[in-house]
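Visitor: Numbering (my numbering), first residue to last: 2 to 124. Quick one: this structure, given as structure tokens, is what I'll be asking you about.
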């Protein structure tokens, strides 16, 4: 919310010009609120397994019982997709998770297209 919007909400008995203490206090509050919104958005984004990195990705692994081992973030994300697919049994196919993993540039061992455009199986 803009400082000017906050200032307009003050009763008319208060000074509202940009040099007033009221304006300055509300400006600080507006800046703090914006920083909080940005932090909340980053926190929400980091919780998404598709964008999580480092320790946050490790926390996803702990939730589903998949240790990281020596895998980097990209490979670990694929392991998590596969683990979640296995845990869901028949409700969702592993292909859904493999597709998401391949979207991140990871080969998952499934069907792939060669440079000639032919579909085959990695082996």
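Note that beta-carbon positions come from the ideal geometry of N, C-alpha and C, so glycine has one too.
Return the chain-ordered list of same chain residues with a C-beta closer than 6 angstroms to the C-beta of residue 95, the five sequence neighbours on each side being excluded.
Guide: The sequence position of residue 95 within the chain shown is 94, counting from 1. Residue placement at residue 95 cannot be trusted, given a pLDDT of 47 that sits under 50; the coordinates are not used to answer.
Visitor: Cα separation between residue 3 and residue 68?
Guide: Here residue 3 refers to the residue found at position 2 of the chain shown. Here residue 68 refers to the residue found at position 67 of the chain shown. Roughly 46 angstroms separates the two Cα atoms.
Visitor: Can you give me the Cβ contacts of residue 37 inside the same chain, cut-off strictly under 7 angstroms, excluding the 5 residues immediately before and after it?
Guide: Position 36 of the chain shown holds residue 37. Excluding positions up to five away in sequence, the list is empty.
Visitor: Kindly list the residues whose CB is nearer than 8 angstroms to the CB of residue 48, restricted to its own chain and excluding five residues on each side of it in sequence; keep chain order.
Guide: The sequence position of residue 48 within the chain shown is 47, counting from 1. The beta carbon of residue 48 sits closer than 8 angstroms to those of 57, all from its chain and outside the five residues before and after it, given in chain order.
Visitor: Check residue 72 in the structure and name its three-state DSSP category.
Guide: For the purposes of this step, residue 72 is identified with residue 71 of the chain shown, where counting begins at 1. Three-state DSSP puts residue 72 in coil, outside helix and strand.
Visitor: Who are the near neighbours of residue 52 in its chain, counting only those whose CB is closer than 8 angstroms to its CB and skipping five residues on each side?
Guide: The count along the chain shown starts at 1 and reaches residue 52 at position 51. Cβ-Cβ distances below 8 angstroms link residue 52 to 46 in the same chain, with the five nearest sequence neighbours on each side left out; the list follows chain order.
Visitor: Roughly how many angstroms separate the alpha carbons of residue 11 and residue 42, rounded to a whole number?
Guide: As a working note, residue 11 is residue 10 in the chain shown. As a working note, residue 42 is residue 41 in the chain shown. When rounded, the distance between both Cα atoms is 29 angstroms.
Visitor: For residue 61, which residues in the same chain have their Cβ closer than 7 angstroms to its Cβ, ignoring the five residues on either side in sequence?
Guide: The count along the chain shown starts at 1 and reaches residue 61 at position 60. Here the set comprises 50, 53, 81.
Visitor: Would you identify the three-state DSSP class for residue 7, choosing helix, strand or coil?
Guide: Along the chain shown, read from residue 1 onward, the residue named residue 7 stands at position 6. Here residue 7 sits in helix by DSSP.
Visitor: If I measure Cβ to Cβ from residue 28 and keep anything under 7 angstroms in the same chain, skipping five residues before and after, which residues do I get?
Guide: For the purposes of this step, residue 28 is taken as the residue at position 27 of the chain shown. Cβ within range, chain order: 4.
Visitor: Go through its chain and collect everything with a Cβ distance to residue 93's Cβ below 7 angstroms, but skip five positions before and after it.
Guide: Walking along the chain shown from the start, residue 93 turns up at place 92. Only weak support is given to the placement of residue 93: the predicted model assigns it a pLDDT of 48, under 50, and the question is left unresolved by the model.
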